[in-house]
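Have a look at the structure below before the remarks.
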(Lines of atoms letter the chains of each structure in order from A; the text may use other names.)
(Lines give C-alpha, C1' and ligand atoms only; values in the text may rest on other atoms or scores of the structure.)
Protein backbone atom coordinates (compact mmCIF):
# COMPACT_ATOMS: atom_id res chain seq x y z
CA UNK A 2 0.00 0.00 0.00
CA UNK A 3 2.73 2.49 0.99
CA UNK A 4 4.81 1.74 -2.09
CA UNK A 5 1.78 2.30 -4.30
CA UNK A 6 0.97 5.60 -2.57
CA UNK A 7 4.57 6.81 -2.93
CA UNK A 8 4.41 6.00 -6.65
CA UNK A 9 1.19 8.02 -6.94
CA UNK A 10 2.73 10.95 -5.06
CA UNK A 11 5.66 10.80 -7.49
CA UNK A 12 3.21 10.80 -10.40
CA UNK A 13 1.51 13.88 -8.95
CA UNK A 14 4.93 15.55 -8.78
CA UNK A 15 5.51 14.74 -12.47
CA UNK A 16 2.18 16.38 -13.28
CA UNK A 17 3.40 19.44 -11.38
CA UNK A 18 6.56 19.41 -13.50
CA UNK A 19 4.41 19.38 -16.64
CA UNK A 20 2.28 22.22 -15.30
CA UNK A 21 5.35 24.28 -14.39
CA UNK A 22 6.88 23.79 -17.86
CA UNK A 23 3.59 24.87 -19.43
CA UNK A 24 3.32 27.86 -17.09
CA UNK A 25 6.89 29.01 -17.75
CA UNK A 26 6.36 28.77 -21.50
CA UNK A 27 3.14 30.80 -21.24
CA UNK A 28 4.78 33.41 -19.00
CA UNK A 29 8.08 33.86 -20.82
CA UNK A 30 7.38 32.81 -24.39
CA UNK A 31 5.16 33.98 -27.21
CA UNK A 32 2.03 32.25 -28.48
CA UNK A 33 4.17 30.77 -31.26
CA UNK A 34 6.66 29.40 -28.71
CA UNK A 35 3.81 27.80 -26.81
CA UNK A 36 2.41 26.14 -29.94
CA UNK A 37 5.86 24.78 -30.81
CA UNK A 38 6.18 23.50 -27.22
CA UNK A 39 2.78 21.79 -27.37
CA UNK A 40 3.36 20.29 -30.83
CA UNK A 41 6.77 18.86 -29.98
CA UNK A 42 5.55 17.47 -26.64
CA UNK A 43 2.41 15.91 -28.08
CA UNK A 44 4.04 14.39 -31.16
CA UNK A 45 6.84 12.88 -29.07
CA UNK A 46 4.33 11.47 -26.57
CA UNK A 47 2.15 10.04 -29.36
CA UNK A 48 5.04 8.43 -31.22
CA UNK A 49 6.55 6.92 -28.08
CA UNK A 50 3.18 5.59 -26.87
CA UNK A 51 2.55 3.90 -30.24
CA UNK A 52 6.03 2.38 -30.11
CA UNK A 53 5.90 0.90 -26.61
CA UNK A 54 2.29 0.38 -25.53
CA UNK A 55 0.17 -1.50 -28.12
CA UNK A 56 0.10 -5.29 -28.18
CA UNK A 57 0.47 -5.76 -31.92
CA UNK A 58 -0.01 -9.53 -31.62
CA UNK A 59 -3.53 -8.96 -30.27
CA UNK A 60 -4.19 -6.41 -33.02
CA UNK A 61 -2.98 -8.83 -35.71
CA UNK A 62 -5.35 -11.50 -34.39
CA UNK A 63 -8.28 -9.09 -34.67
CA UNK A 64 -8.97 -9.25 -30.94
CA UNK A 65 -9.40 -5.49 -30.45
CA UNK A 66 -12.61 -4.95 -28.48
CA UNK A 67 -14.88 -2.16 -29.80
CA UNK A 68 -11.98 -0.90 -31.93
CA UNK A 69 -13.78 1.82 -33.92
CA UNK A 70 -15.68 3.16 -30.91
CA UNK A 71 -12.53 3.12 -28.79
CA UNK A 72 -10.59 5.06 -31.42
CA UNK A 73 -13.45 7.57 -31.75
CA UNK A 74 -13.93 8.43 -28.08
CA UNK A 75 -10.23 8.46 -27.20
CA UNK A 76 -9.31 10.59 -30.23
CA UNK A 77 -12.15 13.01 -29.42
CA UNK A 78 -11.02 13.11 -25.79
CA UNK A 79 -7.51 14.01 -26.94
CA UNK A 80 -8.82 16.75 -29.23
CA UNK A 81 -10.85 18.32 -26.43
CA UNK A 82 -7.90 18.10 -24.04
CA UNK A 83 -5.78 19.92 -26.59
CA UNK A 84 -8.36 22.70 -26.90
CA UNK A 85 -8.46 22.78 -23.10
CA UNK A 86 -4.74 23.55 -22.98
CA UNK A 87 -5.25 26.45 -25.38
CA UNK A 88 -7.96 27.74 -23.06
CA UNK A 89 -5.70 27.26 -20.04
CA UNK A 90 -2.99 29.23 -21.81
CA UNK A 91 -5.38 32.17 -22.24
CA UNK A 92 -6.37 31.97 -18.59
CA UNK A 93 -2.79 31.85 -17.35
CA UNK A 94 -1.77 34.67 -19.69
CA UNK A 95 -4.45 36.82 -18.05
CA UNK A 96 -3.13 35.98 -14.58
CA UNK A 97 -3.54 33.56 -11.66
CA UNK A 98 -1.67 30.51 -12.94
CA UNK A 99 -2.33 28.65 -9.69
CA UNK A 100 -6.09 29.25 -9.74
CA UNK A 101 -6.46 28.30 -13.41
CA UNK A 102 -4.43 25.11 -12.88
CA UNK A 103 -6.54 24.11 -9.87
CA UNK A 104 -9.77 24.68 -11.80
CA UNK A 105 -8.44 22.54 -14.65
CA UNK A 106 -7.44 19.70 -12.32
CA UNK A 107 -10.89 19.78 -10.68
CA UNK A 108 -12.29 18.36 -13.94
CA UNK A 109 -12.18 14.85 -12.49
CA UNK A 110 -15.53 15.68 -10.89
CA UNK A 111 -17.13 15.26 -14.34
CA UNK A 112 -16.49 11.52 -14.87
CA UNK A 113 -17.46 10.95 -11.24
CA UNK A 114 -20.83 12.70 -11.77
CA UNK A 115 -21.24 10.86 -15.10
CA UNK A 116 -20.76 7.51 -13.37
CA UNK A 117 -23.33 8.40 -10.70
CA UNK A 118 -25.96 10.08 -12.91
CA UNK A 119 -25.84 7.85 -16.02
CA UNK A 120 -24.07 4.64 -15.06
CA UNK A 121 -25.92 4.02 -11.81
CA UNK A 122 -22.92 4.02 -9.47
CA UNK A 123 -23.96 4.75 -5.87
CA UNK A 124 -23.25 8.19 -4.39
CA UNK A 125 -21.84 7.70 -0.90
CA UNK A 126 -21.38 10.39 1.74
CA UNK A 127 -17.70 10.99 0.97
CA UNK A 128 -18.34 11.37 -2.76
CA UNK A 129 -21.20 13.77 -2.10
CA UNK A 130 -19.06 15.81 0.28
CA UNK A 131 -16.25 15.85 -2.27
CA UNK A 132 -18.57 17.18 -4.97
CA UNK A 133 -19.88 19.91 -2.63
CA UNK A 134 -16.33 20.98 -1.73
CA UNK A 135 -15.19 21.13 -5.36
CA UNK A 136 -18.26 23.16 -6.35
CA UNK A 137 -17.64 25.41 -3.35
CA UNK A 138 -14.05 25.91 -4.49
CA UNK A 139 -15.30 27.05 -7.91
CA UNK A 140 -17.63 29.54 -6.22
CA UNK A 141 -14.81 30.79 -4.01
CA UNK A 142 -12.51 31.18 -7.01
CA UNK A 143 -15.13 33.43 -8.62
CA UNK A 144 -14.75 35.77 -5.62
CA UNK A 145 -10.95 35.91 -5.62
CA UNK A 146 -9.80 39.51 -5.34
CA UNK A 147 -8.77 40.68 -8.81
CA UNK A 148 -6.00 42.77 -7.26
CA UNK A 149 -4.24 39.70 -5.86
CA UNK A 150 -2.07 38.90 -8.83
CA UNK A 151 1.48 38.11 -9.74
CA UNK A 152 3.91 40.99 -9.56
CA UNK A 153 4.16 40.93 -13.35
CA UNK A 154 0.40 41.32 -13.83
CA UNK A 155 0.04 44.09 -11.27
CA UNK A 156 1.54 46.48 -13.80
CA UNK A 157 -0.85 45.44 -16.56
CA UNK A 158 -4.26 47.02 -17.05
CA UNK A 159 -5.48 43.86 -18.77
CA UNK A 160 -4.30 41.45 -16.09
CA UNK A 161 -6.03 40.65 -12.79
CA UNK A 162 -4.86 43.95 -11.34
CA UNK A 163 -7.06 45.68 -13.91
CA UNK A 164 -10.77 45.18 -14.41
CA UNK A 165 -10.53 42.05 -16.56
CA UNK A 166 -11.55 38.72 -15.10
CA UNK A 167 -10.78 36.81 -18.27
CA UNK A 168 -8.60 34.40 -16.27
CA UNK A 169 -11.73 33.16 -14.48
CA UNK A 170 -13.75 32.71 -17.67
CA UNK A 171 -10.98 30.78 -19.37
CA UNK A 172 -10.36 28.80 -16.18
CA UNK A 173 -14.01 27.68 -16.10
CA UNK A 174 -13.93 26.92 -19.84
CA UNK A 175 -10.82 24.77 -19.27
CA UNK A 176 -12.64 22.97 -16.44
CA UNK A 177 -15.54 22.19 -18.80
CA UNK A 178 -13.33 21.07 -21.71
CA UNK A 179 -11.17 18.83 -19.54
CA UNK A 180 -14.28 17.48 -17.81
CA UNK A 181 -15.98 16.41 -21.05
CA UNK A 182 -12.65 15.01 -22.28
CA UNK A 183 -12.36 12.88 -19.14
CA UNK A 184 -15.92 11.59 -19.54
CA UNK A 185 -15.06 10.47 -23.07
CA UNK A 186 -11.77 8.95 -21.91
CA UNK A 187 -13.51 6.97 -19.15
CA UNK A 188 -16.47 5.85 -21.30
CA UNK A 189 -14.92 2.53 -22.45
CA UNK A 190 -14.68 1.39 -18.83
CA UNK A 191 -18.49 1.17 -18.79
CA UNK A 192 -18.85 -0.77 -22.04
CA UNK A 193 -20.16 -4.28 -21.56
CA UNK A 194 -17.51 -6.89 -22.24
CA UNK A 195 -14.80 -4.33 -23.07
CA UNK A 196 -11.16 -4.69 -22.09
CA UNK A 197 -8.10 -2.89 -23.42
CA UNK A 198 -6.22 -6.06 -24.33
CA UNK A 199 -4.37 -4.32 -27.16
CA UNK A 200 -3.43 -1.33 -24.95
CA UNK A 201 -4.67 1.20 -27.50
CA UNK A 202 -6.42 3.61 -25.17
CA UNK A 203 -3.45 5.88 -24.48
CA UNK A 204 -2.02 5.91 -28.04
CA UNK A 205 -5.42 6.91 -29.49
CA UNK A 206 -5.75 9.65 -26.86
CA UNK A 207 -2.23 11.00 -27.46
CA UNK A 208 -2.88 10.98 -31.21
CA UNK A 209 -5.96 13.16 -30.65
CA UNK A 210 -3.95 15.64 -28.59
CA UNK A 211 -1.20 15.80 -31.23
CA UNK A 212 -3.77 16.25 -34.01
CA UNK A 213 -5.33 19.19 -32.16
CA UNK A 214 -2.02 21.02 -31.90
CA UNK A 215 -0.97 20.23 -35.47
CA UNK A 216 -4.31 21.50 -36.80
CA UNK A 217 -3.60 24.82 -35.08
CA UNK A 218 -0.93 25.59 -37.68
CA UNK A 219 2.77 25.22 -38.36
CA UNK A 220 4.66 28.18 -36.89
CA UNK A 221 8.08 26.86 -37.96
CA UNK A 222 9.21 29.89 -39.95
CA UNK A 223 12.20 30.36 -37.71
CA UNK A 224 14.41 28.07 -35.68
CA UNK A 225 12.61 27.18 -32.42
CA UNK A 226 13.97 28.67 -29.24
CA UNK A 227 16.35 26.16 -27.62
CA UNK A 228 14.64 26.54 -24.26
CA UNK A 229 11.26 25.73 -25.81
CA UNK A 230 12.66 22.56 -27.40
CA UNK A 231 14.24 21.55 -24.07
CA UNK A 232 10.97 22.19 -22.20
CA UNK A 233 9.07 20.14 -24.80
CA UNK A 234 11.44 17.18 -24.46
CA UNK A 235 11.23 17.38 -20.66
CA UNK A 236 7.42 17.57 -20.84
CA UNK A 237 7.17 14.52 -23.10
CA UNK A 238 9.55 12.57 -20.86
CA UNK A 239 7.56 13.51 -17.75
CA UNK A 240 4.32 12.48 -19.47
CA UNK A 241 5.64 9.05 -20.44
CA UNK A 242 7.20 8.36 -17.01
CA UNK A 243 3.99 9.53 -15.30
CA UNK A 244 2.02 7.17 -17.52
CA UNK A 245 4.11 4.17 -16.50
CA UNK A 246 4.04 5.25 -12.84
CA UNK A 247 0.27 5.60 -12.67
CA UNK A 248 -0.23 2.16 -14.27
CA UNK A 249 2.24 0.68 -11.79
CA UNK A 250 0.38 2.33 -8.92
CA UNK A 251 -2.88 0.90 -10.23
CA UNK A 252 -1.37 -2.59 -10.41
CA UNK A 253 -0.08 -2.42 -6.83
CA UNK A 254 -3.31 -1.03 -5.39
CA UNK A 255 -5.64 -3.23 -7.42
CA UNK A 256 -4.56 -6.21 -5.33
CA UNK A 257 -5.90 -4.31 -2.30
CA UNK A 258 -9.07 -3.21 -4.15
CA UNK A 259 -8.05 0.45 -3.77
CA UNK A 260 -7.69 1.58 -7.36
CA UNK A 261 -10.28 4.29 -6.60
CA UNK A 262 -7.61 6.31 -4.78
CA UNK A 263 -5.27 6.50 -7.79
CA UNK A 264 -6.44 9.61 -9.61
CA UNK A 265 -7.60 11.56 -6.54
CA UNK A 266 -4.19 11.18 -4.89
CA UNK A 267 -2.35 12.16 -8.09
CA UNK A 268 -4.64 15.14 -8.76
CA UNK A 269 -4.54 16.38 -5.16
CA UNK A 270 -0.73 16.19 -5.17
CA UNK A 271 -0.68 18.07 -8.47
CA UNK A 272 -2.96 20.81 -7.12
CA UNK A 273 -0.97 21.29 -3.93
CA UNK A 274 2.41 21.18 -5.66
CA UNK A 275 1.45 23.70 -8.33
CA UNK A 276 -0.02 26.02 -5.67
CA UNK A 277 3.38 26.02 -3.94
CA UNK A 278 5.10 26.85 -7.24
CA UNK A 279 2.65 29.67 -7.96
CA UNK A 280 3.24 31.22 -4.55
CA UNK A 281 6.99 30.64 -4.24
CA UNK A 282 8.10 31.28 -7.83
CA UNK A 283 5.40 33.42 -9.44
CA UNK A 284 4.67 35.33 -6.21
CA UNK A 285 0.93 34.96 -6.75
CA UNK A 286 -1.21 36.11 -3.87
CA UNK A 287 -4.79 34.87 -4.30
CA UNK A 288 -5.62 35.94 -0.75
CA UNK A 289 -7.47 34.05 1.97
CA UNK A 290 -10.40 33.26 -0.31
CA UNK A 291 -8.12 31.88 -3.01
CA UNK A 292 -6.19 29.68 -0.60
CA UNK A 293 -9.45 28.46 0.93
CA UNK A 294 -10.68 27.57 -2.55
CA UNK A 295 -7.50 25.61 -3.33
CA UNK A 296 -7.73 23.73 -0.01
CA UNK A 297 -11.42 22.96 -0.66
CA UNK A 298 -10.58 21.60 -4.12
CA UNK A 299 -7.75 19.41 -2.81
CA UNK A 300 -9.87 18.04 0.04
CA UNK A 301 -12.83 17.49 -2.29
CA UNK A 302 -10.72 15.46 -4.69
CA UNK A 303 -9.35 13.33 -1.85
CA UNK A 304 -12.87 12.67 -0.54
CA UNK A 305 -13.81 11.27 -3.94
CA UNK A 306 -11.32 8.50 -3.19
CA UNK A 307 -13.16 7.36 -0.05
CA UNK A 308 -15.48 4.59 -1.17
CA UNK A 309 -16.34 1.18 0.12
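Residue numbers (my numbering): 2 to 309. Cβ atoms here follow ideal geometry from the backbone N, Cα and C, with glycine treated the same way.
| Query | Result |
| --- | --- |
| Residue 194 (DSSP reduced to helix, strand or coil) | coil |
| Endpoints, the alpha helix (DSSP H) within which residue 286 is located | Premise fails: residue 286 is in no alpha helix (DSSP H) and is neither H nor E. |
| Beta carbon of residue 242 nearer than 8 Å to that of residue 250 | no |
| Residue burial classification, residue 190 (beta-carbon count within 10 angstroms, cutoff 16) | exposed |
| For residue 19, the three-state DSSP class (helix, strand or coil) | helix |
| Same chain only: Cβ atoms within 7 Å of residue 102, ignoring 5 sequence neighbours per side | 20 and 275 |
| For residue 3 and residue 219, the rounded distance between their alpha carbons | 45 Å |
| Exposure label - residue 133; buried when at least 16 CB within 10 Å | exposed |
| Straight-line Cα distance separating residue 253 from residue 5 | 6 Å |
| Which listed residue (35, 215, 24 and 65) has its alpha carbon closest to that of residue 197 | 65 |
| Residues near residue 303 by beta carbon distance below 7 Å, same chain, minus five either side | 265 and 269 |
| Cβ pair count under 8 Å reaching 3, the segment 290 to 299 against the segment 27 to 35 | no |
| N- and C-terminal bounds of the alpha helix (DSSP H) containing residue 49 | 32 to 53 |
| C-beta atoms of residue 92 and residue 171 nearer than 8 Å | yes |
| The segment 272 to 291 contacting the segment 68 to 77, beta-carbon criterion three pairs below 8 Å | no |
| Segment limits, alpha helix (DSSP H) that includes residue 84 | 68 to 95 |
| Own chain partners of residue 1 with C-beta closer than 6 Å, once the 5 adjacent residues on each side are dropped | Examination of residue 1 is not possible in this model, given that the chain is present from 2 through 309 alone. |
| Same chain, Cβ closer than 6 Å to residue 299, five either side skipped, listed in chain order | 269, 272 and 273 |
| Residues near residue 127 by beta carbon distance below 6 Å, same chain, minus five either side | 304 and 307 |
| Neighbourhood of residue 88 by C-beta distance below 7 Å, restricted to the same chain and skipping five residues each side | 171, 174, 175 and 178 |
| Residue 98 in three-state terms, based on DSSP | helix |
| Which of helix, strand or coil DSSP assigns to residue 119 | coil |
| When 44, 57 and 94 are compared against residue 26, the one with the closest alpha-carbon | 94 |
| Residue closest to residue 71, alpha-carbon to alpha-carbon, out of 107, 182 and 202 | 202 |
| The segment 106 to 119 in contact with the segment 39 to 59 per 3-pair CB rule at 8 Å | no |
| Candidates 98, 104, 12 and 240: closest to residue 282 by CA position | 98 |
| CB of residue 182 within 8 Å of CB of residue 50, strictly | no |
| Given residue 195 as reference, the closest of 47, 142, 67 and 166 once Cα atoms are compared | 67 |
| Residue interval of the alpha helix (DSSP H) (run including residue 202) | 202 to 216 |
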